[in-house]
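Everything on this sheet refers to the single structure shown next.
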Ligand code: SF4
Ligand code: SF4
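See the structure below:
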């Protein structure tokens, strides 16, 4: 099982799509059905021995540090890494404090997901002036200090993003190039934002055409250089289609294989469901990680959707909270359908490369549930 360990709910950035949106959504609750505990401890309040015992019950236990910004609790991270021995450690961070964690800890991470949205002007527009330089300086430092794991650019995408050039830039530039890029749409997470945005126009005019261009570039690269770039979600969708997988479970693993542990030790289906008491699945002090309740998407529009077997329902949080009305959320589903079609359109070229031995199915392998949601 995979567990996001929420180290702290505090953050040292005020990004537009997170802090900014939360300010505009301040008065909006989730309705009578979903009561939220807002007064959870700001930092981990349980004993590390309890996490150790919990993790020992699952030989496949993978721990991913998460926040807020987890490195604001670097001391806790070090205490945990000194005591607990999961199968793997990972972290999702904004990267600003990566220089504060000694290489002996950083180099133990199997995967680091770092938030960056593209080139300097765009990243700083979303995340604050100076962010890009500090993050890329820290990434150069950890590479110099011997980090050998997978480093994934975790890109949040919305209307100000010129999608194709920005993803291409992250893959190849003079400052810091990534070999793994993952993107997620800022769509359906907040309540009031749809009306003040132009998501539909942007997705039709920019995002969807650019996804098709990116899928074509991805396969061009396979043909020219014989490499499968780790472009999540393309690789995840292609891998499923190549294996003929049909699976209606959440592709991020949320609620069935990828859970989160709050600062008070309560387990929730996904870190964004922080404080939602109705979805508490037990506390690490008593719960068995192998017997946690599974939460599924069991309602329309996902139930009955023709691409549920590839999409998996996209996002448990969005399905449960229904922040965007059905017809608004339908615009997001259109982008998912177009993305799946874009990958399907490239499958014959991929299949040819596999048939003639230039690539193998193994080249499409990746660590599933590594924090990349697969369906953006
Ligand atoms: S495309 Fe939309 S409706 Fe269909 S499974 Fe995905 S999230 Fe659900
Ligand atoms: S896609 Fe939704 S349910 Fe899955 S990890 Fe992201 S926020 Fe959570």
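Residue numbers (this note's numbering): 9 to 384. C-beta atoms are modelled at their ideal positions from N, C-alpha and C, and glycine is treated no differently.
Would you mind giving the Cβ-Cβ distance between residue i and residue j, rounded to the nearest angstrom? I have them listed as a contact below 8 Å.
| i | j | result |
| --- | --- | --- |
| residue 109 | residue 79 | 6 Å |
| residue 297 | residue 65 | 5 Å |
| residue 283 | residue 45 | 4 Å |
| residue 77 | residue 118 | With a Cβ gap of about 20 Å, residue 77 and residue 118 do not count as contacting. |
| residue 324 | residue 230 | Their Cβ separation, rounded to whole angstroms, is 32 Å, which puts residue 324 and residue 230 out of contact at 8 Å. |
| residue 263 | residue 197 | No, residue 263 and residue 197 are not in contact; Cβ-Cβ is about 16 Å, not under 8 Å. |
| residue 239 | residue 369 | About 17 Å separates the two Cβ atoms, so there is no contact after all. |
| residue 395 | residue 217 | What is shown of the chain runs 9 to 384, which leaves residue 395 out entirely. |
| residue 204 | residue 134 | Rounded, the Cβ-Cβ distance is 16 Å, inconsistent with contact. |
| residue 275 | residue 290 | 6 Å |
| residue 271 | residue 50 | 7 Å |
| residue 248 | residue 340 | 20 Å between Cβ atoms; not a contact. |
| residue 4 | residue 56 | Lying outside 9 to 384, the shown extent of the chain, residue 4 is not represented and no answer is given. |
| residue 236 | residue 243 | 7 Å |
| residue 177 | residue 127 | 5 Å |
| residue 331 | residue 199 | 5 Å |
| residue 85 | residue 54 | At roughly 14 Å, the Cβ-Cβ gap does not stay under 8 Å, so residue 85 and residue 54 are not in contact. |
| residue 131 | residue 140 | 4 Å |
Assuming residue i is part of the beta strand (DSSP E), what are its boundary residues?
| i | result |
| --- | --- |
| residue 162 | 158-165 |
| residue 188 | 188-193 |
| residue 211 | No beta strand (DSSP E) contains residue 211, which DSSP labels as neither H nor E. |
| residue 267 | 266-269 |
| residue 457 | In the structure as shown, the chain starts at 9 and stops at 384, and residue 457 therefore has no counterpart that could be examined. |
| residue 3 | Examination of residue 3 is not possible in this model, given that the chain is present from 9 through 384 alone. |
| residue 171 | Careful: residue 171 lies outside any beta strand (DSSP E), inside the alpha helix (DSSP H) at 171-179. |
| residue 14 | 10-14 |
List the DSSP bridge partners of residue i.
| i | result |
| --- | --- |
| residue 96 | 70 |
| residue 262 | 266 |
| residue 6 | Since the displayed the chain opens at 9 and closes at 384, residue 6 lies outside it and no answer follows. |
| residue 51 | 16 |
| residue 275 | 269 |
| residue 44 | 284 |
| residue 291 | 274 |
Quick one: give me the first and last residue of the alpha helix (DSSP H) that residue i is part of.
| i | result |
| --- | --- |
| residue 148 | 139-152 |
| residue 238 | Run containing residue 238: none in the alpha helix (DSSP H); it sits in the beta strand (DSSP E), 238-240. |
| residue 88 | 82-91 |
| residue 61 | 56-64 |
| residue 357 | 334-363 |
| residue 133 | 128-135 |
| residue 202 | 201-204 |
| residue 231 | 216-233 |
| residue 112 | 111-114 |
| residue 26 | Run containing residue 26: none; DSSP gives neither H nor E here. |
| residue 317 | 316-319 |
| residue 377 | It is not in any alpha helix (DSSP H) - residue 377 carries neither H nor E in the DSSP assignment. |
| residue 328 | 324-329 |
Just mark residue i as buried or exposed, buried being the case when its beta carbon has 16 or more other beta carbons within 10 Å.
| i | result |
| --- | --- |
| residue 39 | exposed |
| residue 202 | buried |
| residue 164 | buried |
| residue 100 | buried |
| residue 373 | exposed |
| residue 174 | buried |
| residue 294 | exposed |
| residue 16 | buried |
| residue 162 | buried |
| residue 43 | exposed |
| residue 211 | buried |
| residue 338 | exposed |
| residue 116 | exposed |
| residue 381 | buried |
| residue 72 | buried |
| residue 321 | buried |
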